[in-house]
Amino acid sequence: MKGQESKLKVLVADSSSHARLVLENILSGSADMEVTGLASNGAQVLELLRRHQVDVILASVDLRKNEQLLVFKQVFSECPTPIVMLVEKEQLSLELLKDVIDLGVYSVILKPGPTARPAYRTMAEEICRKVSAVRDTEYWDPQKRLSMLGEEMLIFPQVAQKDSRNVTADTIIVIGASTGGTQAVEQIIRQLDPRLKAAVLVAIHLPPKFTHSYSRRLKGMTELTVLEGRTGLIPKPGKVIIAPGGRNMIVHTVMGNASSLKIGFSEDNGAEHDLPSVDKLMQAVAQSGVRRVIGVILTGMGKDGTAGAKAIALRKGGHVIAQDEASSAIFGMAKSAIESGNTDKVLPLSKIAQYLNRYVAAEQQQVSTTDVNS
Numbered sequence: 001m002k003g004q005e006s007k008l009k010v011l012v013a014d015s016s017s018h019a020r021l022v023l024e025n026i027l028s029g030s031a032d033m034e035v036t037g038l039a040s041n042g043a044q045v046l047e048l049l050r051r052h053q054v055d056v057i058l059a060s061v062d063l064r065k066n067e068q069l070l071v072f073k074q075v076f077s078e079c080p081t082p083i084v085m086l087v088e089k090e091q092l093s094l095e096l097l098k099d100v101i102d103l104g105v106y107s108v109i110l111k112p113g114p115t116a117r118p119a120y121r122t123m124a125e126e127i128c129r130k131v132s133a134v135r136d137t138e139y140w141d142p143q144k145r146l147s148m149l150g151e152e153m154l155i156f157p158q159v160a161q162k163d164s165r166n167v168t169a170d171t172i173i174v175i176g177a178s179t180g181g182t183q184a185v186e187q188i189i190r191q192l193d194p195r196l197k198a199a200v201l202v203a204i205h206l207p208p209k210f211t212h213s214y215s216r217r218l219k220g221m222t223e224l225t226v227l228e229g230r231t232g233l234i235p236k237p238g239k240v241i242i243a244p245g246g247r248n249m250i251v252h253t254v255m256g257n258a259s260s261l262k263i264g265f266s267e268d269n270g271a272e273h274d275l276p277s278v279d280k281l282m283q284a285v286a287q288s289g290v291r292r293v294i295g296v297i298l299t300g301m302g303k304d305g306t307a308g309a310k311a312i313a314l315r316k317g318g319h320v321i322a323q324d325e326a327s328s329a330i331f332g333m334a335k336s337a338i339e340s341g342n343t344d345k346v347l348p349l350s351k352i353a354q355y356l357n358r359y360v361a362a363e364q365q366q367v368s369t370t371d372v373n374s
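By full-length UniProt numbering, the letter at position 232 of the sequence shown is numbered 232, and the numbering carries on one by one without gaps.
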């Protein structure tokens, strides 16, 4: 099975050109890893993350332009990617460790001497092991990471604190629409509970550039966090992510963990009038390991969303809602989904947000009760 795994794509970031080349050589010697980029400062790290698929970053804490961990903060905010941090023993402290754990650092490697030119080749095995270990799903639990790193660095593991800020929502709502969809989505977003324990992904057939201003408009209508989709965003609870116009937004699993997701984009754009595709987004989320997926098919022309509704309906924890004919500007997409037999509920637009609020709250209550009783 291990031989079938794709190679781990690593970005190396160090201010020293010598260190970058040595680290690249060490990692390239491992059969399950490949170096996809070399960065000498924070700006290059972010640029490479935007241009390439990166599974893990191997970065020195004293990377240029990383004052006050600025680079790690930007990575965490813009392109969440696990970081294996290189640090000198004298720099390491409990405070630093707690700070970097919150910013996606999954492991720490103490630099060997001398300070001016660390002898990384003497610890090649440890470097490869720790970078490769990010595949282990237990590294995705912040509490476990802090405990493990605390033990490893011989500082107090009991300071570990639960942190869910980098965790995929266990319920994801996918909303799809076309003609008349912008107004319909606005009405739903306005009425969603600001404490909603779900992520909301929205695909409306819109041209490029329009979705940026549309996302900004939605921000003023809700206390939920509204963002235009970009590579690496994590669908967290309380976050609304709008698929950019002209591209097919999907989700990818993070390091093979089926319930840990990040936003990505499909190379196959298919029919131009169906961009962003509702089907592709719904199918990608349905195939993930999140606990609950709710599909919502709104007003629009055509059949986009019907295949996605089927994928959601067939998976465990799937639930599909369609907008009724009376409240639809064009009763096409919702009608097709209803006729396919894969909808659980048909509702007027005015009732959909209320239904979602109640449904998600009830599911969360059920999950909490199950956790208590298990």
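All residues carry an ideal CB built from backbone N, CA and C; glycine is no exception. Keep in mind that this is a model prediction, so the values were computed, not measured.
- The alpha-carbon separation between residue 48 and residue 276 amounts to approximately 25 Å.
- When the Cα atoms are used, residue 306 and residue 339 turn out to be separated by approximately 9 Å.
- Annotation: residue 6 to residue 328 spans about 45 Å, alpha carbon to alpha carbon.
- In the assembly as shown, residue 28 is an exposed residue. Its beta-carbon has fewer than 16 other beta-carbons within 10 Å.
- If you ignore the 5 residues before and after residue 302, its C-beta comes within less than 8 Å of the C-beta of 178, 273, 274, 332, 333, 336, all in its own chain and listed in chain order.
- Contact between residue 232 and residue 197 is ruled out by a C-beta separation of about 22 Å, above the 8 Å threshold.
- Assignment of beta-bridge partners to residue 11 by DSSP yields 37, 57.
- Annotation: residue 197 is outside any alpha helix (DSSP H) and is labelled neither H nor E by DSSP.
- Contact between residue 293 and residue 174 holds: CB atoms are separated by about 7 Å, below the 8 Å threshold.
- One alpha carbon belongs to residue 363, the other to residue 341, and they sit about 23 Å apart.
- Per DSSP, the unbroken beta strand (DSSP E) holding residue 296 starts and ends at 292-297.
- C-alpha of residue 195 to C-alpha of residue 304: approximately 30 Å in a straight line.
- Taking a 10 Å sphere around the C-beta of residue 113, we find fewer than 16 other C-beta atoms and assign the residue as exposed.
- The continuous alpha helix (DSSP H) containing residue 127 extends over residues 124-132.
- Here residue 228 carries a strand assignment [DSSP, helix/strand/coil].
- If you draw a straight line from the Cα of residue 40 to the Cα of residue 93, it comes to about 24 Å.
- In the structure shown, residue 22 falls within a helical segment according to DSSP collapsed to helix, strand and coil.
- If the five residues before and after residue 80 are omitted, its C-beta is found closer than 8 Å to the C-beta atoms of 104, 166, 232, 233, 234, 262, all from its own chain and listed in chain order.
- Take residue 91, set aside five residues on each side of it, and the residues of its chain with a beta-carbon closer than 8 Å to its own are 61, 62, in chain order.
- In the three-state reduction of the DSSP assignment, residue 167 falls in the coil class.
- Apart from the 5 residues on each side of it in sequence, residue 110 sits with its Cβ closer than 6 Å to the Cβ of 89 in its chain, given in chain order.
- Between the alpha carbons of residue 355 and residue 346 lies a gap of roughly 11 Å.
- The C-alpha of residue 216 is placed about 25 Å away from the C-alpha of residue 51.
- Listed as beta-bridge partners of residue 318 by DSSP are 293.
- In terms of Cβ geometry, residue 283 and residue 308 form a close pair [threshold 7 Å].
- When secondary structure is reduced to three states using DSSP, residue 16 falls in the coil class, being assigned neither helix nor strand.
- The C-alpha of residue 285 is placed about 43 Å away from the C-alpha of residue 122.
- Taken through DSSP and simplified to helix, strand or coil, residue 253 comes out as strand.
- If the five residues before and after residue 353 are omitted, its C-beta is found closer than 6 Å to the C-beta atoms of 188, 191, 192, all from its own chain and listed in chain order.
- An exposed status is given to residue 18, since fewer than 16 other beta-carbon atoms sit within 10 Å of its beta-carbon.
- Residue range 210-219 is occupied by the alpha helix (DSSP H) that includes residue 215.
- With distances taken between CA atoms, residue 357 lies nearest to 238 out of 131, 312, 238, 45.
- The continuous alpha helix (DSSP H) containing residue 336 extends over residues 333-339.
- Between residue 203 and residue 349, the C-beta gap is not smaller than 7 Å, which leaves the two residues out of contact.
- The Cβ atoms of residue 207 and residue 246 lie closer than 7 Å to each other.
- Residue 36 and residue 181 do not touch by the CB rule: their CB atoms are close to 37 Å apart, not below 8 Å.
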